[in-house]
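The letter at position 55 of the sequence shown is residue 54 when you use numbering that gives the first Met the number 0, and the numbering goes up by one with no holes.
Each residue gets a CB set at the ideal place from its N, CA and C atoms; glycine is no exception.
Owing to the predicted nature of the structure, the values given are computational and were not obtained by experimental measurement.
Note sheet for the following structure.
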Amino acid sequence: MVLEKLKHVPDPTYVHQEPLTEFVASLFIAAGMRNHEAKLCAEVLVDADMNGIDTHGVCYNLDL
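Below, the structure is given as structure tokens:
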């Protein structure tokens, strides 16, 4: 359940947007995604986090 997962969120760790986007894109590329698509998906996830939409962000969707 979505709410269960959010109950156990640790204190935030702050990172800069660009390095996080590059890191997430590299994970997608390593998993076999095309470069352009990997970068686009990474940008969407990081942008969601930057706008406070945690349920559509990096950590929620990638279990980091």
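- Cβ separation of V23 and L39, assumed to be a contact under 8 Å, to the nearest whole Å: Contact flag wrong, Cβ pair sits at about 11 Å.
- Message: Applying the 10 Å Cβ sphere with the 16-neighbour rule, what's the burial state of D48?
- Response: buried
- Query: What three-state label does DSSP hand T87 in the structure shown?
  - Reply: Lying outside 0 to 63, the shown extent of the chain, residue 87 is not represented and no answer is given.
- Item | Cβ-based burial, V14 [other Cβ within 10 Å; buried from 16] | The residue in question, V14, is exposed, as its Cβ has fewer than 16 Cβ neighbours within 10 Å.
- Message: Whole angstroms are fine: how far does the CA of D46 sit from the CA of E17?
- Response: 10 Å
- Any idea if A30 is buried or exposed, counting beta-carbon neighbours within 10 angstroms, 16 or more meaning buried? exposed
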